[in-house]
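Protein chains in written order, with my numbering: chain A, 206 to 431; chain B, 9 to 110.
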């Protein structure tokens with residue numbers, strides 16, 4: 206397989222700004238691992254065994270607070286349940302890919318990867334694969350390093366910066382790039398609205414309710430269109 | 009050891025949730041009605057995520073003038089330039105400045 210350097214460079218440069226808001230999050234996870242009083246390697250191993258910050262933080266904090274192990278595992282998996290939707294949405298795209306990539310690719314299918322690569326879904330399969338792997342390897346490598354740093358040095362990014370806001374900020378850009386018809390706009394707005402209404406559900410399950418509502422409403426509108 | 013095993017369990021479950029449909033539907037013809045629905049996953053999830061990420065510990069959505077202004081500017085910058093680094097710099101600057109003024 207010939208690797209197109211320009212595509213690799215684009216994958217890396219597109220991934221970098223999306224990783225910036227993950228830095229304070231990774232540092233917080235590192236600190237949570239230290240405070241949870243569990244084996245440091247076990248805590249950090251979630252960075253590559255799970256490769257999903259929200260689930261890793263949920264698991265570590267619950268284990269640290271003395272919750273039942275099964276309850277901690279279940280809560281972490283509920284937090285990650287939205288990945289089922291990413292898997293379904295990406296299935297048609299991955300059909301055009303070699304079998305090894307269908308096994309490797311999903312391992313790095315985090316929120317940022319989905320948001321970044323779903324808008325490239327119609328590109329040539331070779332371009333898509335190279336771009337996906339470059340962005341995925343970037344996220345993965347930086348995540349391993351920053352979560353380890355978090356264990357070693359704790360959170361050094363001042364909390365007042367509220368750097369976490371950069372995630373919705375970058376996601377709205379990716380959302381805008383992907384909305385090419387009114388039914389998708391309605392899906393996005395109804396997803397946001399329903400999530401807002403159910404905001405106080407535990408474990409951020411409002412996200413699942415909102416996303417499902419958006420998908421259903423978008424589909425119905427698409428069907429009703431002449 | 010328990011912590012490590014629990015992490016393995018969550019890791020396996022997470023990988024399954026990310027891979028299950030990609031692997032199960034690899035060689036199957038996906039019905040057109042399903043494809044119609046799948047195109048709404050990205051906008052619906054992103055719209056929901058943007059709100060879900062602003063939910064604070066008390067369960068309410070922390071969205072005020074700084075957030076709305078920065079999201080509007082950020083969306084416009086990405087749309088015009090497709091440059092995510094520029095979006096990050098401009099959007100966060102708008103967010104910090106308005107928050108400092110408020």
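Cβ atoms here follow ideal geometry from the backbone N, Cα and C, with glycine treated the same way.
8 Å Cβ cutoff, residue i in contact with chain B
i, result
"residue 293 of chain A", "yes"
"residue 370 of chain A", "yes"
"residue 167 of chain A", "With chain A covering only 206 through 431, there is no way to say anything about residue 167 of chain A."
"residue 216 of chain A", "no"
"residue 228 of chain A", "no"
"residue 359 of chain A", "no"
"residue 384 of chain A", "yes"
"residue 329 of chain A", "no"
"residue 307 of chain A", "yes"
"residue 234 of chain A", "no"
"residue 408 of chain A", "no"
Nearest-angstrom Cα separation, counted from residue j out to residue i
i, j, result
"residue 294 of chain A", "residue 48 of chain B", "8 Å"
"residue 308 of chain A", "residue 290 of chain A", "17 Å"
"residue 227 of chain A", "residue 369 of chain A", "7 Å"
"residue 74 of chain B", "residue 13 of chain B", "43 Å"
"residue 397 of chain A", "residue 269 of chain A", "32 Å"
"residue 44 of chain B", "residue 300 of chain A", "16 Å"
"residue 50 of chain B", "residue 320 of chain A", "7 Å"
"residue 235 of chain A", "residue 429 of chain A", "49 Å"
"residue 109 of chain B", "residue 383 of chain A", "33 Å"
"residue 249 of chain A", "residue 345 of chain A", "13 Å"
"residue 42 of chain B", "residue 31 of chain B", "16 Å"
"residue 273 of chain A", "residue 358 of chain A", "29 Å"
"residue 79 of chain B", "residue 389 of chain A", "18 Å"
"residue 103 of chain B", "residue 375 of chain A", "13 Å"
"residue 28 of chain B", "residue 55 of chain B", "24 Å"
"residue 17 of chain B", "residue 88 of chain B", "43 Å"
"residue 10 of chain B", "residue 240 of chain A", "17 Å"
"residue 285 of chain A", "residue 46 of chain B", "19 Å"
"residue 83 of chain B", "residue 244 of chain A", "42 Å"
"residue 24 of chain B", "residue 279 of chain A", "14 Å"
"residue 377 of chain A", "residue 107 of chain B", "19 Å"
"residue 415 of chain A", "residue 304 of chain A", "33 Å"
"residue 292 of chain A", "residue 37 of chain B", "16 Å"
"residue 360 of chain A", "residue 35 of chain B", "46 Å"
"residue 210 of chain A", "residue 329 of chain A", "15 Å"
Own chain residues within Cβ distance below 6 Å of residue i, not counting five before or after
i, result
"residue 339 of chain A", "213, 216 and 217"
"residue 231 of chain A", "351, 352 and 355"
Local Cβ density within 10 Å of residue i, reported as buried at 16 or more and exposed below that
i, result
"residue 407 of chain A", "exposed"
"residue 208 of chain A", "exposed"
"residue 418 of chain A", "buried"
"residue 67 of chain B", "exposed"
"residue 323 of chain A", "buried"
"residue 219 of chain A", "buried"
"residue 99 of chain B", "buried"
"residue 222 of chain A", "buried"
"residue 26 of chain B", "buried"
"residue 262 of chain A", "buried"
"residue 90 of chain B", "exposed"
"residue 101 of chain B", "exposed"
"residue 275 of chain A", "exposed"
"residue 72 of chain B", "exposed"
Own chain, CB closer than 7 Å to residue i, minus 5 neighbours either side, in chain order
i, result
"residue 391 of chain A", "422, 423 and 426"
"residue 325 of chain A", "333 and 336"
"residue 372 of chain A", "226"
"residue 380 of chain A", "393"
"residue 52 of chain B", "none"
"residue 59 of chain B", "69"
"residue 420 of chain A", "392"
"residue 362 of chain A", "228, 229, 232 and 368"
Neighbourhood of residue i by C-beta, 8 Å cutoff - its chain only, sequence neighbours within 5 removed
i, result
"residue 366 of chain A", "229"
"residue 63 of chain B", "69 and 70"
"residue 404 of chain A", "411"
"residue 349 of chain A", "252 and 253"
"residue 256 of chain A", "312, 313, 315, 345 and 348"
"residue 409 of chain A", "259 and 284"
Short CB-CB distance (under 8 Å) between residue i and chain A
i, result
"residue 51 of chain B", "yes"
"residue 31 of chain B", "yes"
"residue 16 of chain B", "yes"
"residue 34 of chain B", "yes"
"residue 109 of chain B", "no"
"residue 44 of chain B", "yes"
"residue 67 of chain B", "yes"
"residue 77 of chain B", "no"
"residue 72 of chain B", "no"
"residue 106 of chain B", "no"
"residue 95 of chain B", "yes"
"residue 22 of chain B", "yes"
8 Å Cβ cutoff, residue i in contact with chain C
i, result
"residue 364 of chain A", "Any reference to chain C falls outside this structure, whose protein chains are A and B."
Inset, instruction - Return the chain-ordered ranges of every alpha helix (DSSP H) run that is complete within the segment 12 to 92 of chain B and spans a minimum of 4 residues. - result: 40 to 46, 49 to 60 and 73 to 89
Inset, instruction - Would you mind listing the beta strand (DSSP E) stretches within the segment 283 to 367 of chain A that are 3+ residues and don't spill past its ends, in chain order? - result: none
Inset, instruction - Would you mind listing the alpha helix (DSSP H) stretches within the segment 232 to 272 of chain A that are 4+ residues and don't spill past its ends, in chain order? - result: 245 to 254 and 258 to 269
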